[in-house]
Structures are given as structure tokens and as C-alpha cells.
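> Numbering (UniProt numbering), first residue to last: 1 to 115. Quick one: the structure is below, and I'll ask about it shortly.
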Amino acid sequence: QRQAPQKIPSGVQPYNRSMTDSPGSATSRRELPVSMSNLRGMVPHPTTGLYLGELAWYVNDEDVKAPLVEGGIVDELKDLTFYEHKVNGKSRGICFLEFNNTDAAAKAKEIYDKW
Numbered sequence: 001q002r003q004a005p006q007k008i009p010s011g012v013q014p015y016n017r018s019m020t021d022s023p024g025s026a027t028s029r030r031e032l033p034v035s036m037s038n039l040r041g042m043v044p045h046p047t048t049g050l051y052l053g054e055l056a057w058y059v060n061d062e063d064v065k066a067p068l069v070e071g072g073i074v075d076e077l078k079d080l081t082f083y084e085h086k087v088n089g090k091s092r093g094i095c096f097l098e099f100n101n102t103d104a105a106a107k108a109k110e111i112y113d114k115w
């Protein structure tokens with residue numbers, strides 16, 4: 001005989017809202033689910049770090065710093081780190097930047113969003 005698949009309990013509650021919920025009901029007071037694309041660039045608190053991803057393997061420090069030079073905030077850059085493949089030494093296309101203060105990081109984010 002074939003057994004039914006075992007159901008594994010999940011801590012994630014599904015979002016169910018019927019059309020009959022009134023504005024004052026408990027279900028309508030819950031926040032609506034937010035997709036990850038709506039969260040892009042939003043952080044609950046300012047940070048001095050910035051992540052750049054999906055870079056070509058040949059992008060180097062100077063390429064990343066060029067927009068900061070044009071924006072006049074390259075002096076606020078504290079650290080710049082690329083991650084490389086262990087086997088071939090090429091960049092993974094990931095770069096982390098750290099700035100001296102949150103204002104510089106916010107300005108850099110605006111610059112890189114247009115880059």
C-alpha cells in the first residue's frame with residue numbers, strides 16, 4: 001500500500017483575507033505581505049555598508065571608485081572588498097564597500113542606483 005506524504009509543520013502562516021472582511025476586523029488590521037522587490041534599498045536603520053552585486057568578473061577597484069570620485073565622496077570610503085573564486089582568481093562579481101558615515105553610504109547608494 002502507498003502511504004500519504006507526511007505533512008511537515010511550518011512556522012509560516014498563510015495570508016488569507018476574504019472579500020467579506022470589514023475594515024475594522026482583526027484580519028484587515030494585519031499588514032499586507034510585501035514582496036522583496038518592494039524592499040529594495042530599504043533598511044530599518046541607516047548603515048555604513050553597501051553591497052554591489054552582479055558585477056562583471058573584470059571590474060576592478062578603480063571602476064567601482066570612479067562614480068564616487070565623480071560624486072565627490074571617494075574620501076569617505078573606508079574599505080572596498082572584492083570576493084574571488086578560489087580556483088581561478090577571477091572576481092565573483094560581488095563587492096562590499098564601507099563608508100565613514102551613514103550619510104556617505106546613502107549618497108553612494110544613490111550614485112550606484114544610477115550607475
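For glycine and all other residues, C-beta sits at the position ideal for the given N, C-alpha and C.
Roughly how many angstroms lie between the CA atoms of A108 and V64, to the nearest whole one?
So the alpha carbons of these two residues sit roughly 11 Å apart.
> According to DSSP, what are the bridge partners of Y51?
BP columns for Y51 point to F96.
> I think T48 touches F99, with their Cβ atoms under 8 Å apart; what is that distance to the nearest whole Å?
About 5 Å; that satisfies the 8 Å criterion.
> So what does DSSP say about K78, is it helix, strand or coil?
Of the three classes helix, strand and coil, the one that applies to K78 here is strand, per DSSP.
> Please classify A66 as buried or exposed, where buried requires at least 16 neighbouring CB atoms within 10 angstroms.
Exposed is the call here.
> Using only the alpha-carbon positions, how far apart do W57 and V69 sit?
Straight-line Cα distance between these residues: approximately 22 Å.
> Cα separation between E76 and T102?
C-alpha separation (whole angstroms): 10 Å.
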